[in-house]
Amino acid sequence: MSKTLSGKVALVTGGSRGIGAAIAKALAEAGADVAISYAASENRAKAVVDALRPKGVRAQAFKADQANTDEVNGLVQAVVRDFGRLDILVNNAGVFAGGSVTERANNLDEFDRLVAVNIGGVATAVRAAAPVLHEGGRIISIGSVAGEVSPWPGLADYSATKGVVAAYTRGWARDLGTRGITVNNVAPGPIETDMAPSDGEMRDALIAGTALGRYGKPEEVAVLVIFSRAPRPVTSRARRSPWTADSVPSQAFNCSA
Ligand code: NDP
Numbered sequence: 025m026s027k028t029l030s031g032k033v034a035l036v037t038g039g040s041r042g043i044g045a046a047i048a049k050a051l052a053e054a055g056a057d058v059a060i061s062y063a064a065s066e067n068r069a070k071a072v073v074d075a076l077r078p079k080g081v082r083a084q085a086f087k088a089d090q091a092n093t094d095e096v097n098g099l100v101q102a103v104v105r106d107f108g109r110l111d112i113l114v115n116n117a118g119v120f121a122g123g124s125v126t127e128r129a130n131n132l133d134e135f136d137r138l139v140a141v142n143i144g145g146v147a148t149a150v151r152a153a154a155p156v157l158h159e160g161g162r163i164i165s166i167g168s169v170a171g172e173v174s175p176w177p178g179l180a181d182y183s184a185t186k187g188v189v190a191a192y193t194r195g196w197a198r199d200l201g202t203r204g205i206t207v208n209n210v211a212p213g214p215i216e217t218d219m220a221p222s223d224g225e226m227r228d229a230l231i232a233g234t235a236l237g238r239y240g241k242p243e244e245v246a247v248l249v250i251f252s253r254a255p256r257p258v259t260s261r262a263r264r265s266p267w268t269a270d271s272v273p274s275q276a277f278n279c280s281a
């Protein structure tokens with residue numbers, strides 16, 4: 025991969041594993057210095073950093089709970105302090121919880137956690153990053169096709185959080201576009217990670233909905249993040265990746281950016 029991001033500094037929230045770790049690796053391979061955050065997986069975060077540094081870039085892990093406004097603000101400040109600048113913010117950290125509205129009525133703690141991490145953490149990070157991003161800056165959030173469609177019962181709360189991120193993306197793109205900063209939302213279908221293990225109970229239903237008949241890989245999402253970082257001013261646009269069918273049911277389990 026050509027080092028198109030040499031001299032740039034990227035922050036990937038939730039970079040200790042899964043999609044975030046793959047994005048961190050792709051950014052480092054493109055030459056960017058990379059900061060990652062994590063909530064609990066200190067050893068896994070260190071392992072990611074150890075794998076990035078041999079690529080010739082600076083890399084560092086920071087513990088910061090996306091549900092804690094002070095910690096997210098502190099994370100962005102620490103990255104700017106330690107790396108000297110911030111060019112790319114990837115809002116990747118997220119949590120999943122399922123259950124119908126009747127079940128959820130008795131589990132408000134889980135609902136609050138979904139909202140705090142998937143919405144609050146993203147909004148706080150963008151508020152903290154927007155003043156320090158320069159012209160050419162990029163904000164890329166990992167949403168979900170579940171932000172656009174609801175193929176089963178029990179997804180409403182998670183879908184709502186990802187729908188909010190999509191709406192925020194359109195608004196932030198307007199707010200920041202005149203400063204030359206683009207804002208995009210990558211919306212994957214099922215990707216094989218701890219959050220969506222390929223031996224999980226939803227395996228058959230998830231695969232049946234995909235155009236390719238398989239789970240996506242974290243690296244395939246990372247490709248879209250790198251594309252969204254492209255120098256040309258693509259912002260707040262929905263584009264279907266080449267491996268995505270056009271019909272809504274097929275889109276539902278594939279990937280868009
Ligand atoms: P994983 O569960 O594999 O990884 C989640 C990452 O987020 C970890 O690095 C985790 O850190 C971090 N994280 C979780 N909660 C917090 C928190 N409160 N504060 C800081 N970091 C946190 O998830 P995926 O890689 O699958 O998902 C990444 C993103 O992609 C999420 O936003 C998810 O909603 C989205 N997505 C995933 C899909 C899938 O099928 N997998 C499909 C569509 C979207 P730690 O290791 O310390 O816990």
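All residue numbers for the sequence shown refer to the numbering used here, where the first residue is 25 and numbers rise by one.
All C-beta atoms in this analysis are idealised placements derived from N, C-alpha and C, irrespective of residue type, glycine included.
Please read these numbers as outputs of a predicted model, since none were measured by experiment.
For Val73, count neighbouring C-beta atoms within 10 Å of its own C-beta (all shown protein chains included) and say buried if the count is 16 or more, exposed if not.
With 16 or more Cβ atoms within 10 Å of its Cβ, Val73 is classed as buried.
Can Ala168 be considered in contact with the ligand NDP, in the sense that its beta carbon sits closer than 6 Å to one or more heavy atoms?
According to the sequence as given, residue 168 is Ser; it is not Ala. It does: the Cβ of Ser168 is within 6 Å (strictly closer) of some heavy atom of the ligand NDP.
Regarding Thr217 and the ligand NDP, is the C-beta to nearest heavy atom distance less than 6 Å?
Checking the Cβ of Thr217 against the ligand NDP gives yes.
How about Leu99 and Ala56: do their beta carbons lie closer than 7 Å?
For Leu99 and Ala56, no; Cβs fall outside 7 Å.
With DSSP run on the structure shown, which of helix, strand or coil describes Ser252?
Here Ser252 sits in helix by DSSP.
Considering Ala59, what are the terminal residues of the alpha helix (DSSP H) in which it resides?
Unbroken run through Ala59 is the beta strand (DSSP E), 57–62; no alpha helix (DSSP H).
Counting only runs that start and end within the segment 114–198, where is the beta strand (DSSP E) found for 3 or more residues in a row?
Those beta strand (DSSP E) runs which fall completely within the segment 114–198 and span 3+ residues are 162–166.
Does the contact criterion of 3 or more C-beta pairs under 8 Å hold for the segment 79–99 versus the segment 38–56?
Between the segment 79–99 and the segment 38–56, the count of C-beta pairs closer than 8 Å reaches three or more; the two stretches touch.
For Asn142, which residues of its own chain have a beta-carbon under 6 Å away from its beta-carbon, when the five flanking residues on both sides are left out?
Hits under 6 Å: Gly118, Thr185.
The ligand NDP and Gln90: does any heavy atom of the ligand fall closer than 6 Å to the residue's C-beta?
Relative to the ligand NDP, the nearest heavy atom lies less than 6 Å away from the CB of Gln90.
What are the start and end residues of the beta strand (DSSP E) that includes Lys79?
Unbroken run through Lys79: none, as it is neither H nor E.
In whole angstroms, what separates the C-alpha of Ala91 from that of Gln101?
So the alpha carbons of these two residues sit roughly 17 Å apart.
Whole angstroms is fine: what's the gap from Gly237's alpha carbon to Gly122's?
One C-alpha to the other measures close to 23 Å.
Alpha-carbon spacing of Val58 relative to Leu132, whole angstroms:
Using only the alpha carbons, I get a separation of about 35 Å.
State yes or no: is the C-beta of Asn209 nearer than 6 Å to some heavy atom of the ligand NDP?
For Asn209, the distance from the CB to the nearest heavy atom of the ligand NDP is not below 6 Å.
Whole angstroms is fine: what's the gap from Pro242's alpha carbon to Ala46's?
Computed Cα separation, rounded: 6 Å.
Option nearest Val249 by Cα separation, candidates Ser165, Val146, Gly39, Asp111:
Of all alpha-carbon atoms in Ser165, Val146, Gly39, Asp111, the one lying nearest the alpha-carbon of Val249 is that of Ser165.
Taking just the CA atoms, how far does Ser61 sit from Asn115?
Taking the straight line from one Cα to the other gives about 10 Å.
Could you compute how far the alpha carbon of Ala191 sits from the alpha carbon of Ala246?
Approximately 22 Å between the Cα atoms of the pair.
Would you identify the three-state DSSP class for Ala235, choosing helix, strand or coil?
Note: Ala235 maps to coil in three-state DSSP.
Can you tell which of Arg162, Gly187, Gly160 has its C-alpha closest to the C-alpha of Ser174?
Each of Arg162, Gly187, Gly160 was checked against the Cα of Ser174, and the nearest Cα belongs to Gly187.
So what's Gly39 in DSSP terms, helix, strand or just coil?
In the structure shown, the three-state DSSP call for Gly39 is coil.
Here's a check: name, in chain order, each residue in its chain whose Cβ is nearer than 6 Å to the Cβ of Gly38, leaving out the five neighbours to either side.
Closer than 6 Å at the Cβ level, and outside the excluded window around Gly38, lie Gly44, Asn116, Ala117.
Sorted by chain position, which residues of the same chain lie with C-beta nearer than 8 Å to Leu76's C-beta, five sequence neighbours on each side aside?
For Leu76, where only same-chain residues beyond five positions count, the Cβ hits under 8 Å are Ala48, Lys49, Ala52, Val58, Ala83.
Ala232 versus Tyr239 - alpha carbon distance
For the pair Ala232 and Tyr239, the Cα-to-Cα distance works out to about 10 Å.
In chain order, what residues of the same chain lie with their CB nearer than 8 Å to the CB of Glu159, ignoring the 5 residues before and after it?
The beta carbon of Glu159 is closer than 8 Å to those of Arg203, Gly204, Ile205 in its chain, skipping five residues each way along the sequence.
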